[in-house]
Each structure stands twice: as structure tokens, then as C-alpha cells.
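Data first, discussion second: the structure below is written as C-alpha cells.
In the working numbering, the protein residues as written are 23 to 515.
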């Protein structure tokens, strides 16, 4: 059955059974669907509630039936229907008695975002935006099936799957500080190349340093507004400053890893006699051979994605050096942070008054750890982890910082973007890429893409308001607003 946006373009349904327990918190009670072990929690404003699909609520309830789930099955304010779990879904499972499910991670493993700051201000690139975009478009291959100038050997691929961004830095694609300003220093421990199929390796080998397609992008931005001067100073962000953002993931390697292990875990459902309301929730007991094989393969794909973004950043730095006739140090092209969206991680959290090891699945959700947490880089530990929320094409992106409430409300998790409200096919029926490009140009925003249809698919009108989404997590105390970034130019995948 086709899943996703089947109803989104034509109708909105009243959703019976939801209970509003706070201004921005909606509960899916355990009586909503048979077999729910915990309630669901959906974090939405009134305005965002009008775009909530009933099928997304059903998916939140379905996840709540999985063995070992802790506290709540959650959906962030950018949530919409996904494969098994909703996109924007968060769930934590007991490390001993729970499960691991690829549906809670997604096909684009470690699709994520990194933000790079500079010593430049907006006026420094007046008249140069188009030249910068043209050079970035050439330097970073984009689009479906895009291929890299790099051809990793088998041994190099294994090092990438195991060590992540560190491999790229050791090969000259960056500096040591890039690692310390990256979630997990650009690596999930436990990556095991032996769990990555030959087909996944083949797909990954020619795609290092490529953007891919869909909603992936490179974006030139400037800091338009500062909300939290203390955190902004810690992140080295200033009003009017030029920044750029990279959004992409693990390309064909990650997609193939998910595909391969979904088959294994579908068989495991029968083996372990797990009763599922939806076969897309295929899973296995967390300590089983099948679950651990998937986890190690997923970690390998996540490490590939961090390597990919590291190499892309290196090529972007080279473009800025060439176009601005300055070196990267003079330009101050330093990584602020890199966050993953689609991963499962083994973490320790407070549950029912005690510490517990849990596998936190964040699908279309971002980690948001608070000040003082040992996993926050030392440079940011006094203010909290940077949380990067990209907007849709032509709209604001935001930098936030994780807050203590996130640990209680969402297992240290926040939203990851704006969230779609229209399918790609619906977008292409509704919008013309050439007109969107012209409209954005009129707003002073230049766009490069392999084909106008890509621009139509990613038109601003097919997404929720990034500002509305961010305001919800800010009001809930999950993550606090630090800065608003406005686009100057974008390269689409």
C-alpha cells in the first residue's frame, strides 16, 4: 500500500481520541488503539494541528505498542507520515527488554545538518552570490545518482564505516576542531563493516562528497536576529554574519543498509513472535543477533554520512577560498556544529526515578542535550548543545540550544526541520520550478538545481512554517532559540 501523503493534498480530518493536556501538548491515550503500552505525545500548536494527518497519529499509537517502550511514543511539531514511525517521531526502548526498529531511523540514515560560520558579513558577498553558488554547484555533485571525484577503496570504506569523520580529517578533508564540534565527534561507536552488504558498499563507493537529491541542500545564509546573546557568543555567531549550512545524509549506502536489514528484521518478527499493528515496524529484541547486526550496520551508515558532510564542507571551504581570495583561517570558516536526524543511539536517561540504558530512535528528530551534559562539546557545555533547524527553501533557519526540559519531555530530542504538508507529486502539480526560482530571486535569494522540477518539489509552500515549528519547542523548553538565519542562495540536490 502506498504510504505518506495520499490524503494530504485533498483533505484534513478531524482526529477523535486525542486529548489536549497543555497548550502545545496533545496526548494519544492508551485506549486509542489496542495494545498500546504507553501513551503517545504530540507537540503541536493550534496552527500546526490543522496540518496533522490522522495516519501520523495512528503511527504514534502503533509505535506505543512495541515491546520495552519507555514513557511515551512522541512526535515533534514537524511530524508527518513516514515509513512505520512518523517522520518527527521519537521513541526510547529499554536496552535489555525493548526492541530496535529500522522504521524508527528511516532509509536516509544520519540525514543531518552542519552549520559553518565565517568572519564575513552579508555585505562582503554583495555581487558575489551567483559566482559562489555556481562554484558550489560544480564542486559538490548533486541530484539523483550524483557521483564523486573520490573513489574509496575497500579498505578506505571500512575505515569510513568504522571511524566516520575522523577518516576524512586524517585524509586532509578538515581539521581536528571539526571533530570536537560534531555530534559524537562524527562517529557512532560500534560500526561494523561486516554487517554492510556488498551492494551497499557498491552504492556508497562513488558517492562520498555528494549532496544527493530531495530536500538536501547547501545554503548561504546570514544571521538576521539574535535571541540569546550568551549562547550566540558561545557559538561565535553575530548579527549580519555570513554562514552556510549543509543538509544531506548517507546516500545510497544508507538506503541499502536499511533495505537489507529490514528483510532480516521482518523475518525476526515471526521468529520472536512479536505482534505488530503494522509490518513496517519490523523489529527484533534489542540484544538479539538480528537487532545488533542492524545497529552495527546503521552505525556504519551514520559514520559514512558524517564523512560525506565533512568532505562536502572541505570542498565548500575551497570554493570560498578561491572566490574570496583568502584562506580558510582568514575567512574563519569554522564548524559550529553537526547534528544527526535519523539515528538510533544507546543512551542513559532518567526513567521512573532511576537511570536506564535505552535505545533512543530519532527519526526526523534532532538531539537536544542541555548545558552540563557530558556529551555536549566543552566549548558549549555552559549553554547547551547547538540544535540546528533548517527552514524550507527561501525561509528562515534557526539555531537553538538544548534545554534541561528536553531530558524530561522528549529524551533529549527536538524537531529537525519544517515538515512537509504536500507530497512531491502534489507539489509538481501545483508549482512550477521556474516561477518559484523567479519569485525567490525577487526576494534576493538565488537558487541552483539540476532541474526545475526539483525546485517545484521543494517550494516553500509544501512545508510547514519553520518559525511556527521552532516556537513550539522553544515554548516547551525543549530547545531555546539562539539565532535566526536568513537565506541568500541555495544549491538544491
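Glycine included, every Cβ here is placed at the ideal spot set by N, Cα and C.
Setting aside the 5 residues that flank it on each side, residue 43 is surrounded in the same chain by 49, each with a C-beta closer than 7 Å to its C-beta; the list follows chain order. Just measuring C-alpha positions, the residue of 309, 242 and 219 sitting nearest residue 280 is 219.
As summarised for the region 185 to 257, the continuous beta strand (DSSP E) elements at least 3 residues long and confined to that stretch are 239 to 248, given in chain order. Contact between the region 464 to 477 and the region 133 to 141 is absent: fewer than 3 CB-CB pairs across the two stretches fall below 8 Å. In the structure shown, residue 87 adopts coil according to DSSP, grouped into three states. The criterion of a C-beta distance shorter than 7 Å is not satisfied by residue 427 and residue 511.
Assigned with DSSP and collapsed to three states, residue 490 falls in helix. Scanning the region 334 to 410 from its first residue to its last, the whole alpha helix (DSSP H) runs of 4-plus residues come out as 350 to 353. The closest CA to that of residue 238, considering only 356, 162, 104 and 210, is found on 162.
In the structure shown, the three-state DSSP call for residue 266 is strand.
Relative to the Cα of residue 397, the nearest Cα in the group 302, 169, 203 and 103 belongs to 203. CA-to-CA, the gap between residue 196 and residue 401 works out to about 19 Å.
With at least 16 other beta carbons inside 10 angstroms of its own, residue 185 counts as buried. Membership of residue 273 in the alpha helix (DSSP H) is indicated by the continuous run 273 to 293. When rounded, the separation of the alpha-carbon atoms in residue 337 and residue 352 is 17 Å. Cα atoms of residue 123 and residue 85: separation of roughly 10 Å, rounded to the nearest angstrom. Residue environment for residue 56: exposed (fewer than 16 other C-beta atoms within 10 angstroms of its C-beta). Using a C-beta cut-off of 8 Å, the region 137 to 156 makes no contact with the region 97 to 116, since fewer than three inter-stretch Cβ pairs fall below that distance. Where residue 111 is concerned, the enclosing beta strand (DSSP E) starts and stops at 109 to 116. Scanning its chain for C-beta atoms nearer than 6 Å, with the 5 sequence neighbours on each side dropped, one finds around residue 324 the residues 131, 132, 210 and 365, in chain order. Only buried fits residue 225, as 16 or more other CB atoms lie within 10 angstroms of its CB.
Assignment of residue 60 by DSSP, reduced to helix, strand and coil, places it in the coil class. In terms of Cα proximity to residue 358, the closest of 349, 422, 414 and 378 is 422. By the neighbour-count definition (other C-beta atoms within 10 Å, threshold 16), residue 392 is a buried residue. For residue 463, the enclosing alpha helix (DSSP H) has its first and last residue at 455 to 464. Taking each of 293, 335 and 213 in turn and checking the Cα distance to residue 269, the smallest one comes out for 335. For residue 476, the enclosing alpha helix (DSSP H) begins and ends at 474 to 479.
Residue state for residue 146 is assigned as helix, using DSSP reduced to three classes. Three or more pairs of CB atoms, one per stretch, sit closer than 8 Å, so the region 493 to 507 contacts the region 61 to 78. Fewer than three pairs of CB atoms, one per stretch, sit closer than 8 Å, so the region 403 to 411 makes no contact with the region 147 to 155. Per the DSSP secondary-structure output, residue 508 pairs in a beta bridge with 244.
Distance from the CA of residue 173 to the CA of residue 227, rounded to the nearest whole angstrom, comes to 6 Å. With a threshold of 16 other beta carbon atoms within 10 Å, residue 463 falls short and is exposed.
Contact check for residue 261 against residue 245 passes: the beta carbons are separated by less than 7 Å. DSSP, read as helix, strand or coil, puts residue 169 in coil.
DSSP lists 47 as the bridge partner or partners of residue 44.
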